[in-house]
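Worksheet: one structure, shown below.
In my numbering, the protein residues as written are 1320 to 1430.
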């Protein structure tokens, strides 16, 4: 089994665009690093932040696939949904009230 690269949501969204636009992943990588396009900004910044993320990592994601990392909001939403599905409405209400108190809005939870 091939290990898939874990990527932030913003980076995965750019890769989806690349996969739909280019027939060959290497052309996408060359375009990404040569282009000044804002469309590739998140992807360039992500791979430039850490020197261990090189072109090989991008290629691995495009060839072998990738998984999207859950955002903190995604984790809260999933936990909230599990509580509701298991009938733990009081615990779910605590999450709802706490987020409201903190002024945080999460779609599917309290927004």
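Glycine is no exception: its CB is placed at the ideal position from the N, C-alpha and C atoms.
Of 1322, 1321 and 1366, the smallest CA-CA separation from residue 1333 is found for 1366. Here residue 1324 is near residue 1379, since their CB atoms are less than 8 angstroms apart. With fewer than 16 neighbouring CB atoms inside 10 Å of its own CB, residue 1397 falls in the exposed class. Annotated as distal: residue 1402 and residue 1389, with beta-carbon spacing of 8 angstroms or more. With 16 or more neighbouring CB atoms inside 10 Å of its own CB, residue 1348 falls in the buried class. Rounded to whole angstroms, the gap between the alpha carbons of residue 1421 and residue 1395 is 14 angstroms. Rounded to whole angstroms, the Cβ separation of residue 1326 and residue 1382 is 14 angstroms, and the two are not in contact under 8 angstroms.
For residue 1384, the closest C-alpha among the options 1360, 1344 and 1426 is that of 1344. The alpha-carbon separation between residue 1357 and residue 1424 amounts to approximately 28 angstroms.
Contiguous alpha helix (DSSP H) elements confined to the region 1343 to 1398 occur at 1344 to 1353, 1360 to 1368 and 1374 to 1383, taking only those with 4 or more residues. Under DSSP, residue 1324 takes part in a beta bridge, and its partners are 1385.
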